[in-house]
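Position 16 of the sequence shown, counting from 1, maps to 15 under numbering that gives the first Met the number 0, and the rest follow consecutively.
Here a beta-carbon is modelled for each residue, glycine too, at the ideal position from N, C-alpha and C.
Just below is one structure, and these are the notes that go with it.
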Amino acid sequence: MAYQINDDCIDCGVCEPECLVNCITQGDGKYVIDEELCVDCGACADVCPVDAPQQI
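In structure tokens:
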């Protein structure tokens with residue numbers, strides 16, 4: 000499984016530096032997780048103020 004950032008993302012960027020494998024990048028209006036690289040650690044979800052990263 001992997002995480003995906005949903006449309007609740009407020010583009011704050013707190014998740015990006017928490018990613019252990021650097022798979023989060025800034026997209027168009029929200030951050031994006033490369034699902035191929037995601038190791039399902041949940042670090043991004045732990046710090047997100049709006050719970051945008053969700054397991055898929």
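(request) Take the Cβ of P52 as the centre, count every other Cβ of all protein chains shown within 10 Å, and call the residue buried at 16 or more, exposed below. (result) Stepping through the sequence shown from its first residue, residue 52 is reached at position 53. Buried, since its Cβ has 16 or more Cβ neighbours within 10 Å.
(request) For the alpha helix (DSSP H) holding V31, just list the boundary residues, first then last. (result) As a position in the sequence shown, residue 31 is number 32, starting the count at 1. Unbroken run through V31 is the beta strand (DSSP E), 30-32; no alpha helix (DSSP H).
(request) Closer than 7 Å by C-beta to D33: which residues in its own chain qualify, once you throw out the five before and the five after it? Chain order, please. (result) Within the sequence shown, numbered from 1, the residue matching residue 33 stands at position 34. For D33, where only same-chain residues beyond five positions count, the Cβ hits under 7 Å are C22.
(request) Kindly identify the DSSP beta-bridge partner or partners of P52. (result) Counting from one through the sequence shown, the residue named residue 52 turns up at place 53. DSSP lists I4 as partners of P52.
(message) Judging by CA-CA distance, which residue of E17, T24, Y2 is the nearest neighbour of D10?
(response) Counted from its first residue, the sequence shown places residue 10 at position 11. The option with the nearest alpha carbon to D10 is T24.
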